[in-house]
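Using this note's numbering, you'd call the opening residue of the sequence shown number 2 and step up by one each time. Backbone N, C-alpha and C define an ideal beta-carbon position, used for all residues, glycine too. No experiment lies behind these values; they were computed from the predicted model shown. Below: the structure, in structure tokens.
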Amino acid sequence: MKSIQRRFEAIQEKNPNYSSYLSFAHAISGQKFSRPTIARWYKKLVEVDDYAPSERKEIIDYLVLISKRPVDEGFKGENRQGEVTE
């Protein structure tokens, strides 16, 4: 499961102005991770200041959807290698 962390760190390195939440969302996009896996790594990688704790369930629900979608439908501006193009 370290692949999420590796992808997250690579995205953070390429896009230093991204919040940890946005980097995490890009890291899991189209990767078909399970809800428990997403929730566990979300708690480890996303800074608490990037979201309201009361919204955690809804955020995880949305991240699960992003993870299940093919990469082409995940985020606008992201190519197949996970690089963000704007």
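- Rounded to the nearest angstrom, the gap between the Cα atoms of K69 and I29 is 9 Å.
- Looking at the backbone, the Cα of F9 and that of H27 are separated by about 8 Å.
- When secondary structure is reduced to three states using DSSP, V49 falls in the helix class.
- In the DSSP assignment, Y63 falls within the unbroken alpha helix (DSSP H) covering R57 to K69.
- Assignment of Q6 by DSSP, reduced to helix, strand and coil, places it in the helix class.
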